[in-house]
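> I have a structure I would like to understand better, so I am pasting it below and will then ask my questions one at a time.
Chains as they are written, first to last, in full-length UniProt numbering: chain A, 1 to 394; chain B, 1 to 394.
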């Protein structure tokens with residue numbers, strides 16, 4: 001990768017994004033380039049640069065602030081470096097499941113990467129009834145490979161600790177600590193829920209058992225450096241088609257518990273399991289099940305073939321690690337279900353339901369399922385049990 | 001603190017150590033200084049500088065290698081910076097329990113600090129029959145304050161993660177990972193045990209249950225950034241008298257599980273509980289008990305008065321944290337008992353017993369107690385139960 005020396009940060013324009021593409025020699029000199037800003041402008045600029053021969057690339061630039069529901073607050077540009085480094089690191093293990101990175105510039109907070117606009121964001125597709133036959137197989141593999149290969153089971157302790165050190169990401173972790181693990185469980189200003197849900201939400205705030213179990217999950221998120229997690233693996237961070245899956249946007253990447261990504265992904269599938277009509281739910285249940293079973297089988301294979309841990313062959317240790325990861329995932333999924341319903345950042349799966357009664361009904365289900373998963377996670381021991389708990393209240 | 005600029009590392013001599021003391025203006029210009037190297041020369045130089053008026057200071061310099069049982073291998077000089085920073089950080093919370101640091105120099109790997117030669121190393125004193133009436137009260141307080149105040153319960157997440165980052169200590173952690181958690185449980189070259197113990201040691205290597213539980217403890221050590229631990233809190237790292245206690249040598253400091261320091265200290269008291277004659281054991285049992293109860297009561301007080309964790313007041317959360325810390329401590333204590341008996345680094349408490357039969361008997365007890373604590377730690381729920389398990393086989 002070429003390194004372009006820049007003196008200071010400034011926001012790109014369509015013109016300067018094109019100039020950067022020429023400088024990087026990603027297109028022939030004679031190519032005519034056009035640029036279009038296709039991001040939502042809340043957190044990043046996303047320029048799609050296209051040549052007259054059809055070739056396309058993405059120039060993504062972090063903005064020094066975040067806009068969410070009208071608020072604007074400063075946000076570290078370092079997240080662009082984290083994102084690029086996570087794409088590169090995870091790409092070592094699953095190159096077919098992440099975009100190629102062509103160039104990074106930490107001063108400009110720019111990542112130049114493969115264009116994926118032939119795919120759709122899986123949240124949008126799922127809402128529109130797509131079933132994405134490869135989705136859970138690919139994400140299960142992504143989880144197994146990225147999490148195993150960045151863990152102490154696969155890496156020399158120096159290499160692992162070097163990665164922990166370089167994925168130091170306190171500002172974005174704090175967003176998760178607040179918005180996923182704290183605010184929804186207290187009467188916080190950031191919360192955002194419909195009036196009808198007020199009694200249910202107040203019951204959560206009074207629910208000591210729920211808060212105790214959530215405190216334990218937050219503690220895991222704060223203290224357990226098990227693997228390099230994506231940190232924000234919802235269906236909006238996944239491009240998909242019937243044949244391809246690509247995971248994007250790992251700006252929240254840091255060393256955390258293995259169950260975190262698994263749980264967030266399962267929760268975001270669960271929104272679909274809840275909002276879909278009866279006959280269309282099964283494909284989502286199957287995706288949830290297949291995510292775990294694929295993860296479990298690939299992680300187990302990697303453990304047998306690639307583990308450098310002295311204790312890898314001790315009977316029961318892999319089982320312990322998988323059980324812990326599953327239990328954590330169930331709890332983290334529960335947190336995600338609740339926070340996406342009553343916290344600051346919602347999901348369209350729920351909010352786009354125009355029928356008031358159905359929408360409220362779905363939101364009640366996500367809250368109740370989330371609560372159950374958090375509280376009962378130590379007795380939910382298999383993915384079948386988890387799905388049964390979901391089906392019972394769905 | 002003054003900063004002396006130096007260009008490169010070179011070992012001090014008595015003369016250059018004195019020059020450094022003058023430069024730092026730690027003595028009046030007219031004072032006549034003498035220096036004496038009082039370290040064992042295996043890892044560090046320790047110069048005691050004394051003025052003709054009686055004032056003394058210590059100039060400690062890390063050497064770029066370690067010598068253990070005749071072997072010599074390179075060892076990072078960065079450990080001097082870790083040690084100094086840990087003394088300073090822990091000194092913010094328990095200034096009366098650590099030596100004062102007057103100056104640090106990361107290039108020279110030098111720490112200039114308070115002289116403590118009016119005290120004795122507590123391992124030596126305990127072996128000679130001292131009872132150190134303040135020892136467990138002081139160490140219990142040290143543990144509560146240093147561990148609480150560096151945890152997520154007390155610190156803003158940015159501040160805590162900054163500390164995690166700055167106490168990045170992979171090389172010294174690896175020594176613990178190998179010598180405490182791995183080698184003694186396998187047929188490793190570093191192990192060192194008496195022939196008579198061979199059958200018992202081989203039984204450990206074949207003991208799947210023990211290895212599984214040790215794997216879990218090693219995983220905690222590798223992944224849980226709960227607090228800034230000392231990392232090597234044995235009785236040889238503690239200066240003591242009847243009225244004073246000072247904890248030294250935190251070069252292994254890093255962010256790890258709260259139970260680690262507690263367990264190592266309890267294990268090192270346990271060697272005394274095992275080797276002492278019947279009538280002299282009770283004072284050690286009392287120290288073990290008082291270490292935990294003092295830690296528990298001070299940690300609980302700090303939690304009530306100083307916690308900034310949103311979940312601090314959730315019923316059951318403090319109890320959960322204390323129970324987890326206790327269970328971890330019991331397991332880590334078990335590892336320490338075993339590794340100090342059959343691993344690379346022994347303790348004099350055992351090795352100085354000249355009567356062969358008594359020495360072997362004591363070593364068998366430390367191995368068996370260690371095994372029991374590791375395996376049964378989830379059912380050993382109080383400090384009284386722990387002591388009962390010890391007494392039963394003692």
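Beta carbons: idealized from backbone N, C-alpha and C, even for Gly.
Keep in mind that this is a model prediction, so the values were computed, not measured.
#1: Would you say residue 89 of chain A reaches chain B, if we count a Cβ-Cβ gap shorter than 9 Å as a contact?
#2: Distance cutoff 9 Å, beta carbons only. Does residue 193 of chain A sit that close to anything in chain B?
#3: Using only the alpha-carbon positions, how far apart do residue 213 of chain B and residue 336 of chain B sit?
#4: Quick one: which chain B residues come within Cβ less than 8 Å of residue 316 of chain A?
#5: Which ranges would you report for the beta strand (DSSP E) in the segment 61–90 of chain A if only whole runs of at least 3 residues count?
#6: Can you tell me which of the three DSSP states residue 50 of chain A falls into?
#7: Between residue 152 of chain A and residue 219 of chain B, is the Cβ-Cβ spacing less than 9 Å?
#8: Under the assumption that residue 33 of chain A contacts residue 62 of chain A (Cβ atoms under 8 Å), give the Cβ distance between them as a whole number of angstroms.
#9: Counting contacts by CB-CB distance shorter than 9 Å, is residue 321 of chain A in contact with chain C?
#10: So what does residue 245 of chain A bridge to, in DSSP terms?
#11: List the residues of chain B whose Cβ lies closer than 7 Å to the Cβ of residue 310 of chain A, in chain order.
#12: Taking residue 164 of chain B as the reference, which of B:56, B:189, B:44, B:228 has the closest Cα?
#13: Beta strand (DSSP E) containing residue 35 of chain B: first to last residue?
#14: Contact check, residue 116 of chain B vs residue 99 of chain B under 8 Å by CB: the rounded distance?
#15: Cβ atoms of residue 265 of chain A and residue 143 of chain A: under 9 Å apart, would you say?
#16: Please state whether DSSP places residue 330 of chain B in a helix, a strand or coil.
#17: With a threshold of 16 other CB atoms inside 10 Å of the CB of residue 7 of chain B, please say whether the residue is buried or exposed.
#18: So, helix, strand or coil for residue 254 of chain B, using DSSP?
#19: Taking a Cβ distance cut-off of 7 Å, strictly less, list which residues of the segment 152–169 of chain B are near chain A, in chain order.
#20: Output, in sequence order along the chain, the residues in the segment 216–244 of chain B whose CB is closer than 8 Å to any CB in chain A.
#21: Would you kindly report the start and end of the unbroken beta strand (DSSP E) that includes residue 153 of chain B?
#22: Among A:28, A:11, A:388, A:21, whose alpha-carbon lies nearest the alpha-carbon of residue 273 of chain A?
#23: Taking DSSP as the reference, what is the three-state secondary structure of residue 366 of chain B?
#24: Taking its Cβ as the centre, do 16 or more other Cβ atoms sit within 10 Å of residue 238 of chain B, making it buried, or is it exposed?
#25: Using a threshold of 9 Å, state whether the C-beta atoms of residue 211 of chain A and residue 311 of chain B are closer than that.
#26: May I have the straight-line CA-CA distance separating residue 232 of chain B from residue 81 of chain B, to the nearest angstrom?
#27: Give a yes or no on whether the C-beta atoms belonging to residue 46 of chain A and residue 21 of chain A are separated by under 9 Å.
#28: Check residue 287 of chain A in the structure and name its three-state DSSP category.
#29: When burial is assigned at 16 or more other CB atoms within 10 Å of the CB, is residue 85 of chain B buried or exposed?
#30: Tell me, please, whether the segment 326–333 of chain B touches the segment 171–179 of chain B by the rule of three or more beta-carbon pairs shorter than 8 Å.
#31: One question on the structure: do residue 77 of chain A and residue 64 of chain A come within less than 9 Å of each other, judged by their Cβ atoms?
#32: Below 8 Å on the Cβ atoms is my guess for residue 383 of chain A versus residue 289 of chain A; work out the distance and round it to an integer in Å.
#33: Count the other CB atoms, across all protein chains shown, that sit within 10 Å of the CB of residue 10 of chain A; report buried if there are 16 or more and exposed otherwise.
#34: So, helix, strand or coil for residue 1 of chain B, using DSSP?
#35: Assuming the contact rule is C-beta atoms closer than 8 Å, residue 242 of chain B and residue 134 of chain B should be a hit. Round their C-beta distance to whole Å, please.
#36: If residue 334 of chain A sits next to residue 371 of chain A, beta carbons under 8 Å apart, how far is it from one beta carbon to the other, in whole angstroms?
Here's the rundown:
#1: no
#2: no
#3: 14 Å
#4: 208, 212
#5: 65–68, 71–74
#6: strand
#7: yes
#8: Their Cβ separation, rounded to whole angstroms, is 22 Å, which puts residue 33 of chain A and residue 62 of chain A out of contact at 8 Å.
#9: Considering every chain present, this structure includes no chain C. Its protein chains are A and B.
#10: A:240
#11: 182, 186
#12: B:228
#13: 33–37
#14: 6 Å
#15: yes
#16: helix
#17: exposed
#18: strand
#19: 152, 157, 158, 161, 165, 168
#20: 216, 218, 219, 222, 223, 224, 225, 226
#21: Careful: residue 153 of chain B lies outside any beta strand (DSSP E) and carries neither H nor E.
#22: A:388
#23: helix
#24: buried
#25: yes
#26: 16 Å
#27: no
#28: helix
#29: buried
#30: no
#31: yes
#32: 5 Å
#33: exposed
#34: Bear in mind that a pLDDT of 47 at residue 1 of chain B, under 50, signals an unreliable position, so the number given afterwards is only what the model happens to contain. It is coil, neither helix nor strand.
#35: 7 Å
#36: 7 Å
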